[in-house]
Structure formats: C-alpha cells, structure tokens
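Chains as they are written, first to last, in the working numbering: chain A, 1 to 289; chain B, 1001 to 1235.
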Amino acid sequence: MNEFFAALWSGLMIGSLYAIMAIGLTVIYGVSRVFNFAHGHVALIAGYLAWLVAFELGASYIPGILVALAVMVPLGWATYQWGVRPLMRRKEADFATLLLTLGLAIIVQFALLEIFGPRVKALPEFFSGSVNLWFGPISYHELSLVVISVAIMAGIWAFMTRTSLGRAMRGVASSVHGARIVGIDTNRVYGLTFALAFVLTGVSGVLLGTHSYMTPAIGWDWMIKGFIIVVFGGLGSIPGAILAAFTLGVIETMVTLYAGSLWIWPAWLAVFVLVLTLRPQGILGGRTA
Amino acid sequence: MSALLEVRGVVGGYEDIGVLHGVDLEVHEGEVVGLLGPNGHGKSTLLKAISGIHPATGGEIRFQGEDITGLPAHEIVERGIAYIAEERFLFADMPVLENLQLGAWIPRARARYRENLEMVYELFPRLRERERQHCSTLSGGEAQMVAIARGLMSGARMLLIDEPSIGLSPGLKKGVYESIERINRETGITVLLVEQEIDYALRLAKRIYLLKRGRIEFEQPAAEADVGAIHEAYF
C-alpha cells in the first residue's frame, strides 16, 4: 500500500510539471490557433540558459533562472511578430506555421548541440533533504516543484479571469473578429500571449531540468508529451490541460509501479486513443479558461 | 456642413473578385442613413471596409474630416466608429457581462464604463438579467442585443449596423428597430444601417442609398423614397 501512495505522490508531482509544460502550449493554441512544435525546445532554451548563467558563468541559481525567463519574453514576442504573424495572413496558415515551428525546433536543437554539446545535463535540485510521511520520504525538492507549479496555475487562472489583458486573450481566442471590432489590437495580444506562454514554457523547462535531465534532442519528447496532454485535455483549454497532465502523470507512475516503465508510452497512447474515441474534442474541449 | 463620414470612390473586394467599384456616400452627424440593395452587391463589404475589418483597396474614407482609409480595425474603433456585424462575432463562450466589458476595451470607453453599462442595461433590461449567462446560450434576439450593446460600450459616435434583424421573428425585429431608433434619438449617435427589408429601413432612416453592383445607384430622402424603384433594383 505504501508503494501505491508513493507512486500516487510521484504521479501528482510529475503531473504538476507536465501541467506547467502543457499550459504554455495550450495557451498559444487557444488564443492564436498555432500549434507550437518547437515547444519542447523553447523549454530547453530556458533550461540550458539557466544552467549556463547559474553554473557556467557562476552567477547563482536564482539569477540564472530569472535571466533565462527574462529572455523568454522577447523570444516569444519576436517568434510571433517576425515568425508567425507574416504567415497568419495566408490561406495555408496552419501548414505554414507548422513548418515554421518544426523548423525552429530543429534550429534550436542543433544550436544547443553546437553550444553545449551532446552530453546529458541536469539542473541541481532546489532543496536537499526530505520529510517522512506515512508511506515514505518526500524530498523537499519535489515538494517545492509541486508548490511552485500549483502557485503558477493559480496565478494563470487569476490572470486569465481577473485581468483585462487575460480577458482580452480569452476574447481573441473566442472570436478574433469580435476582438477587432471592440478595438483590441490583436497583433499585440498575440505577441503578449506568445511572450507569456514562452515564459511559462521556460519555467517548465527549468523545473523538468531539475527533475530529469536535458539533452538537445529531448525537446521532441517534451513536445510530444505536451501534445498528448493538450489534445487529451481539449486543445486550447487550460483546465483541460491541467486535468490531463495530472491524469497522465498518475498513469505514468502507476504503470511504472505495476507493469514497468517500458509500458508508459503504450499506456499513455492507449488512454489517449480511448478518450479521443469517446470525446473527440478532449475532456474539457471547447473552453479556454 | 461637412459630413461626419465621407466615403469617396471606395473600391474593394475579396481575393480576385471586385465587389465595390467606386462607392460614394456621406453621413451627417446625428443622422440615420439606410443602405439598401440586393444581397451580394457590396453592402456588407462596404461596412467591413469602413470598419477596417476588411480594408478597402482604393478610394478614401474620412471620419470627422480625418482620413481613416486603411487604418487597422482597432484604431477605427478608437476614432469613434463601432461596427455591429451581421455575423455578430460575439465572445460566445464568455458571459454577457464580459462581452460588455470587452466592448469597453479602448481607454476612452474604460473611463466611462459604469455610465455606459447603465445606459445599455437601461436600453436592454433583458441583458441585466442575463449578465452571467454565456452568449452561446442566448436566443437570437438576445444575442443581437449583446452585439448592439457591446458596440455602444465603446462610446462610439457612429454605429455601422449590418442587418440587425436577420433571422429574428417579426416581434423581435420591431424591438431591435425601436432600440436603434431610441439610441439615435436619446444619445444622438449617428447610424449607418444596412438592411434588406425596405419597410424597416424607410421607417428608421432619414435618407437612403441604394447600392447595386458595387456602386450607388441613387440617394433619396426616406420620406420621398421611390419604393417602386427600390423594389425593382432588388430583382
């Protein structure tokens, strides 16, 4: 029984990391209808940057993370204004942005390879030590990951529902023309959405970098996991992505416990296919927030 | 007196299909002007061009004497023109109140949010009752009220209204027209109204234009409108 609770905790902990990763992806899709295939690599940029600034250049951990996240703001803005925006006017915009983001992923991957090399890197844990619960120890680091993730989810929720910019983002997601005729500068909102989503994605890269490891190619794994979570939860839906992330996180650790980690991907894909057969729009599809 | 809105030789359309072939019209402060004409001859395209949703490819559009041709839609709202589309473009998965809040997005409108909200609730008491309801669950008449109210929330000096009564029952149509009449009478907001149904347009408007094959065929005071000629133009 203790193993079960330990696996459940791990599942929720991993789920919270996946949720932060998926929110960035689903926010971009929900507002702009662009699926960012470079999502995992954007997360990696932040992870590697934090590592570079904090440990290679010798600043400490927190400034390293802050620099990495600060870089995400202009990166997101520029990706929209110079990359996506010129393509959005085209009839084949979906296909064009797919190629753009795939191309970006490849460029980032090889740039990281060139700069940092192929060796596996990991960010150190935020805290050492652990606390004993009835089913076993929980590390303070894992606890901090969950606390940070939940705080970010609450923050995003408040931002989307309580601020006028969040409301405008939901408005653009709901009807672009509606947004334009009430006087919203949609290109500005798209740009800010990319900037916000890139920061969130950067946070997820840092958190994943402390929990597992980074290589220039692992961005694909992160993106595909994000893709499954986001489609599972309903493309564009933030609560859907959060729910899906926790569900798949728990499935991952339960499958590892009872069947072995080899079965994680088969189990994920089986659940994914099952859910989409029953509910093609995803579990909470059709709602942004 | 110079016109509030002046449209001179406006050309526009979609892809390679020209729809507007040089439209001239003007609307004076405080007027209700009807834009009549058969479907597919450019009435909606003209409103989309004025509002910047689908910019004109040629000609000139002036508002309050300033050239607004080719400005992005959000800047045209800031100049004081609100476009109430036939498609409505409501934020369907958001409550009525949030639709109205977004209607007051531009800074000038935000400053007058409270007064404008009271004004539209007074005009459409039904919307106060439906405040928390998602727009996707509203009836056609209520959705049209939200569309008009959202346009008014911008504090516009001029409304461009496209077929507000389309798909509504005769009773609701009458209600919509009475509210447009009241908006114009009580607030002095200028209205350019596109309408298929000649009777309504003639009752509400002071002047009418007939738009056919992308050009203005004629302009008449509504009171002396040649109904026979208008009907003829439709066929």
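All C-beta atoms in this analysis are idealised placements derived from N, C-alpha and C, irrespective of residue type, glycine included.
Which chain A residues are close to residue i, counting only those with a beta carbon under 9 Å from its beta carbon?
{"i": "V1077/B", "result": "R180, I181, V182, G183 and I184"}
{"i": "E1098/B", "result": "R167, R170 and G171"}
{"i": "S1044/B", "result": "Within 9 Å Cβ-Cβ: nothing; S1044/B doesn't reach chain A, min ~13 Å."}
{"i": "S1051/B", "result": "R180 and I181"}
Can you tell me whether residue i is buried or exposed? The criterion is at least 16 other CB atoms within 10 Å of its CB, across all chains shown.
{"i": "E1086/B", "result": "buried"}
{"i": "V189/A", "result": "buried"}
{"i": "P74/A", "result": "exposed"}
{"i": "H1041/B", "result": "buried"}
{"i": "W134/A", "result": "exposed"}
{"i": "V108/A", "result": "buried"}
{"i": "N1116/B", "result": "buried"}
{"i": "P63/A", "result": "exposed"}
{"i": "H39/A", "result": "buried"}
{"i": "P1221/B", "result": "exposed"}
{"i": "L113/A", "result": "exposed"}
{"i": "I1076/B", "result": "buried"}
{"i": "N1099/B", "result": "buried"}
{"i": "R1231/B", "result": "The residue asked about is misnamed: residue 1231/B is His in this sequence, not Arg. So H1231/B ends up on the exposed side."}
{"i": "P1170/B", "result": "exposed"}
{"i": "Y258/A", "result": "exposed"}
{"i": "M1/A", "result": "exposed"}
{"i": "L57/A", "result": "exposed"}
{"i": "R1130/B", "result": "buried"}
{"i": "S1165/B", "result": "buried"}
{"i": "W268/A", "result": "buried"}
Beta-carbon separation of residue i and residue j under 9 Å?
{"i": "G1155/B", "j": "I1081/B", "result": "no"}
{"i": "A50/A", "j": "V206/A", "result": "yes"}
{"i": "M1158/B", "j": "L1004/B", "result": "yes"}
{"i": "A43/A", "j": "T201/A", "result": "yes"}
{"i": "G209/A", "j": "A105/A", "result": "no"}
{"i": "N1194/B", "j": "S1044/B", "result": "The residue asked about is misnamed: residue 1194/B is Val in this sequence, not Asn. In this structure, S1044/B lies closer than 9 Å to V1194/B by Cβ."}
{"i": "L87/A", "j": "L100/A", "result": "yes"}
{"i": "L1277/B", "j": "L1036/B", "result": "Absent from the structure is residue 1277/B, since the part of chain B shown begins at 1001 and ends at 1235."}
{"i": "L1102/B", "j": "A179/A", "result": "yes"}
{"i": "L1025/B", "j": "L1160/B", "result": "no"}
{"i": "V255/A", "j": "I242/A", "result": "no"}
{"i": "R1185/B", "j": "E1031/B", "result": "no"}
{"i": "G1059/B", "j": "V1011/B", "result": "yes"}
{"i": "F126/A", "j": "L145/A", "result": "yes"}
{"i": "R1215/B", "j": "G1034/B", "result": "no"}
{"i": "G1140/B", "j": "L1168/B", "result": "yes"}
{"i": "P1038/B", "j": "A1233/B", "result": "yes"}
{"i": "G298/A", "j": "M214/A", "result": "Chain A is shown from 1 up to 289; residue 298/A falls before or after that span and cannot be answered."}
{"i": "R1079/B", "j": "L1071/B", "result": "yes"}
{"i": "G240/A", "j": "T26/A", "result": "yes"}
{"i": "E1029/B", "j": "T1187/B", "result": "no"}
{"i": "F232/A", "j": "I156/A", "result": "no"}
{"i": "V1073/B", "j": "I181/A", "result": "Looking at the sequence shown, residue 1073/B is not Val but Ala. Cβ atoms of A1073/B and I181/A: closer than 9 Å."}
{"i": "A70/A", "j": "Y61/A", "result": "no"}
Run through chain A and tell me which residues come within less than 7 Å of residue i, C-beta to C-beta.
{"i": "Q1101/B", "result": "R167"}
{"i": "L1090/B", "result": "S175 and G178"}
{"i": "A1073/B", "result": "R180 and I181"}
{"i": "I1106/B", "result": "G183"}
{"i": "D1016/B", "result": "Per Cβ cutoff of 7 Å: no residues; D1016/B is ~13 Å from chain A at best."}
{"i": "M1119/B", "result": "Going along chain A, no residue has its Cβ under 7 Å from M1119/B, so there is no contact; the nearest lies around 16 Å."}
Taking C-beta pairs closer than 8 Å, name the residues in chain A that residue i reaches, listed in chain order.
{"i": "Y1083/B", "result": "I181"}
For the ligand ZN, I want to know if residue i counts as a neighbour, meaning its beta carbon is within less than 8 Å of at least one of the ligand's heavy atoms.
{"i": "G234/A", "result": "Within the structure as shown, the ligand ZN is missing, as the structure has no ligands at all."}
Do three or more CB pairs link the stretch 1167-1179 of chain B to the stretch 1004-1015 of chain B at distances below 8 Å?
-> no
Give, in chain order, every residue of the stretch 175-206 of chain A whose Cβ lies closer than 7 Å to some Cβ of chain B.
-> S175, H177, G178, R180, I181, V182, G183, I184 and D185
Pull out every residue of the stretch 1186-1217 of chain B whose Cβ sits closer than 9 Å to any Cβ of chain A, in chain order.
-> none
Are three or more beta carbon pairs between the stretch 1109-1129 of chain B and the stretch 1049-1058 of chain B nearer than 8 Å?
-> no
Taking a cut of 7 Å between CB atoms, which residues from the stretch 1138-1156 of chain B lie near chain A?
-> R1150 and S1154
Cβ pair count under 8 Å reaching 3, the stretch 232-243 of chain A against the stretch 72-91 of chain A = no
Inter-stretch contact at 8 Å, needing at least 3 Cβ pairs: the stretch 246-255 of chain A / the stretch 6-17 of chain A = yes
Looking at C-beta atoms only, is the number of pairs between the stretch 23-31 of chain A and the stretch 169-177 of chain A that lie closer than 8 Å three or more?
-> yes
The stretch 1064-1083 of chain B / the stretch 146-160 of chain A touching (three or more Cβ pairs under 8 Å) = no
Report yes or no: do the stretch 193-200 of chain A and the stretch 127-141 of chain A share at least 3 C-beta pairs separated by less than 8 Å?
-> no
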